[in-house]
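Counting along the sequence shown from 1, when you hit position 317 you're at 317 in UniProt numbering, and nothing is skipped either side.
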Amino acid sequence: MTGSPMRLDSLADRNPRVPPQQLVAELVPPPRFADVRFASYVPSPDHPSQAEAVAGMSAFGESVLKGAAPRRGLFRRRSAPAGPPGIYLDGGFGVGKTHLLSSLYHQVVTEGGGTAAYGTFVEYTNLVGALGFLPAVEALAPHHLVCIDEFELDDPGDTVLMSRLMRELVDRGVRLAATSNTLPGALGEGRFAAQDFQREIQALAGQFAVQRVDGEDYRHRGLPAAPAPLDDDAVERVAAARPGATFDDFGTVLAHLAEVHPSRYGAMVGSTSAVCLRGVGTVSDQMVGLRLVVLADRLYDRDIPVVASGVPFDAVFTDELLGGGYRKKYLRAVSRLSALARDGAQLA
1 MTGSPMRLDS
11 LADRNPRVPP
21 QQLVAELVPP
31 PRFADVRFAS
41 YVPSPDHPSQ
51 AEAVAGMSAF
61 GESVLKGAAP
71 RRGLFRRRSA
81 PAGPPGIYLD
91 GGFGVGKTHL
101 LSSLYHQVVT
111 EGGGTAAYGT
121 FVEYTNLVGA
131 LGFLPAVEAL
141 APHHLVCIDE
151 FELDDPGDTV
161 LMSRLMRELV
171 DRGVRLAATS
181 NTLPGALGEG
191 RFAAQDFQRE
201 IQALAGQFAV
211 QRVDGEDYRH
221 RGLPAAPAPL
231 DDDAVERVAA
241 ARPGATFDDF
251 GTVLAHLAEV
261 HPSRYGAMVG
271 STSAVCLRGV
281 GTVSDQMVGL
291 RLVVLADRLY
301 DRDIPVVASG
311 VPFDAVFTDE
321 LLGGGYRKKY
331 LRAVSRLSAL
341 ARDGAQLA
């Protein structure tokens with residue numbers, strides 16, 4: 001294709017500045033899940049735990065609303081919850097946990113008139129980093145419910161941080177709901193083994209009633225693991241023809257991610273209609289891989305197609321990364337990038 005790719009919009013040119021107040025205001029379900037409800041979740045008859053999860057989450061939402069008393073003066077009283085103050089959805093990739101968590105948010109806020117915050121684990125840790133610990137607690141404490149999606153531990157410091165944050169919120173009467181691919185009592189396995197942090201993990205486990213969700217990854221039911229990549233010229237043609245698309249070399253994007261705080265990845269891709277990547281290669285560096293995981297999450301949240309040449313996304317991480325302590329994160333990213341690449345292939 002003739003012409004220089006420099007005339008096309010580039011993710012590598014974007015380094016947004018996001019005020020801390022905006023981080024709080026944006027703690028809502030991502031656009032992909034703005035309209036989901038419990039009624040739109042279709043449980044598989046082959047996996048009874050899915051219907052049980054719908055019933056359990058719905059009942060938990062009712063208890064959140066029942067425990068929320070009207071405001072009185074500057075304070076709001078809540079009745080003590082019956083049972084654990086939180087509910088924890090455990091299951092594999094693509095079984096609808098985020099759908100159910102978003103439905104819980106909408107049950108409490110959109111339908112019930114309550115207040116809630118919704119974010120991923122990393123978004124809450126970023127919030128604490130931006131505001132400070134006590135201001136973050138104060139920002140979240142007025143809510144009836146705090147939803148934490150993809151509860152995964154990256155390092156011991158995050159474990160302690162989230163443990164403290166959740167204990168502070170529970171002490172103030174806030175109910176908690178979380179999703180993850182690991183049972184609460186097993187968090188940290190394969191990542192670190194320090195007994196001091198294991199104690200923190202066990203303290204978290206006792207705050208949740210566990211609801212298992214079994215099933216197949218809906219993103220791959222009857223579909224190939226990843227579509228065949230396009231050639232370089234096809235990727236550039238899509239970028240040039242689609243308003244709002246970006247066009248970058250894959251390596252340039254990976255290098256740029258190191259210069260942008262992960263809390264700003266969502267703002268970085270927010271106005272993008274498609275992400276076009278030339279020369280996708282296999283990632284072997286752990287830090288680079290984890291940053292790509294966060295980018296994949298933000299793209300998937302916003303339902304942004306990915307148009308790519310190079311290696312298919314089911315080969316984007318080395319076997320060493322896929323077999324390590326962050327295996328679940330990398331598999332989630334492969335699943336999500338492959339789904340977005342299927343959408344992107346339809347644009348070519």
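No residue lacks a Cβ here, since even glycine has one placed at the ideal position from N, Cα and C.
Contacts around residue i, its chain only, beta-carbon distance under 6 Å, and the 5 residues preceding and following it disregarded
| i | result |
| --- | --- |
| LEU131 | PRO20 |
| THR252 | ALA12 |
| HIS256 | ALA12 |
| GLY73 | With a pLDDT of 39 at GLY73, under the threshold of 50, the modelled position of this residue cannot be trusted; read the value that follows with caution. Answer for GLY73: no residue qualifies. |
| ALA345 | PRO227 |
| ALA136 | LEU127 and VAL128 |
| HIS47 | ASP214 and GLY215 |
Close Cβ partners of residue i (< 8 Å) along its chain, the five nearest in sequence each way excluded
| i | result |
| --- | --- |
| SER309 | PRO229, LEU230, ASP231, ASP232, ALA234, VAL235, LEU277, ARG278, GLY279 and VAL280 |
| ARG164 | PHE133 |
| PRO84 | GLY206, GLN207, PHE208 and ALA209 |
| ALA51 | PRO43 |
| VAL288 | LEU254, LEU257 and ALA258 |
| LEU169 | VAL137, LEU140, ALA141, VAL146 and LEU176 |
Where residue i falls: helix, strand or coil (DSSP)
| i | result |
| --- | --- |
| ALA178 | strand |
| ARG278 | strand |
| SER338 | helix |
| TYR124 | helix |
| LEU230 | strand |
| GLY270 | coil |
| ASP171 | helix |
| LEU347 | coil |
| SER103 | helix |
| PHE208 | strand |
| THR246 | strand |
| PHE197 | No answer about PHE197 holds up, because its pLDDT of 49 lies below 50 and its placement is not dependable. |
| TYR300 | helix |
| GLY91 | strand |
| GLY112 | coil |
| ALA117 | strand |
| SER284 | coil |
| VAL260 | coil |
| VAL238 | helix |
| ASP149 | strand |
| LEU223 | The pLDDT assigned to LEU223 is 46, lower than 50, so where the model puts this residue is not dependable; a value taken from the coordinates is nonetheless given after this. LEU223: coil per DSSP, three-state reduction. |
| ALA139 | helix |
Cα-Cα separation, residue i to residue j
| i | j | result |
| --- | --- | --- |
| GLY112 | ALA34 | 16 Å |
| ALA12 | GLN207 | 41 Å |
| VAL174 | ALA141 | 6 Å |
| VAL95 | VAL108 | 22 Å |
| ASP338 | GLU62 | Note that residue 338 corresponds to Ser in the displayed sequence, not to Asp. Approximately 36 Å, taken between the alpha carbons. |
| ARG172 | HIS143 | 10 Å |
| SER284 | ALA177 | 34 Å |
| LEU100 | PHE38 | 7 Å |
| GLU216 | VAL269 | 29 Å |
| GLY86 | GLU150 | 15 Å |
| PRO243 | SER273 | 7 Å |
| PRO305 | THR98 | 19 Å |
| GLN202 | PRO156 | 13 Å |
| PHE197 | GLY325 | Caution applies to PHE197, whose pLDDT of 49 falls short of 50 and renders its modelled position unreliable; the value that the coordinates give is listed next. C-alpha separation (whole angstroms): 16 Å. |
| LYS328 | SER335 | 11 Å |
| THR159 | LEU23 | 21 Å |
| GLU26 | THR120 | 11 Å |
| SER10 | THR115 | 37 Å |
| TYR88 | GLU152 | 13 Å |
| VAL307 | ARG291 | 19 Å |
| TYR124 | LEU161 | 10 Å |
| VAL36 | MET57 | 14 Å |
| ALA258 | ILE148 | 25 Å |
| ARG17 | ALA267 | 8 Å |
| ALA348 | PRO312 | 16 Å |
| ARG237 | SER271 | 19 Å |
| THR179 | MET166 | 14 Å |
Chain-order list of residues whose beta-carbon lies under 7 Å from that of residue i (same chain, five-residue window excluded)
| i | result |
| --- | --- |
| VAL294 | VAL122, PRO262 and TYR265 |
| ARG212 | SER49, ASP90 and GLY91 |
| PRO29 | SER102, TYR105 and TYR118 |
| PHE250 | LEU277, ARG278, GLY279, VAL280, GLY281 and GLY310 |
| TYR41 | VAL54, GLY96, HIS99, LEU100 and SER103 |
| ASP314 | ALA225, ALA226, VAL334 and SER338 |
| ALA296 | ALA333, ARG336 and LEU337 |
CB contact flag (residue i, residue j, <8 Å)
| i | j | result |
| --- | --- | --- |
| PHE317 | TYR300 | no |
| ALA226 | ALA341 | yes |
| THR246 | ALA240 | no |
| ARG32 | ARG302 | yes |
| ARG298 | PHE93 | no |
| LEU254 | GLN286 | no |
| LEU145 | VAL260 | no |
C-beta neighbour in chain C for residue i, strict 8 Å
| i | result |
| --- | --- |
| PRO227 | The structure shown contains no chain C; it holds only a single protein chain. |
Margin query: Quick check for students: name the residue ranges of the beta strand (DSSP E) that lie wholly in the segment 9-86, counting only runs of 3 or more.
Written below: Fully enclosed beta strand (DSSP E) runs of 3 or longer: 68-72 and 75-78.
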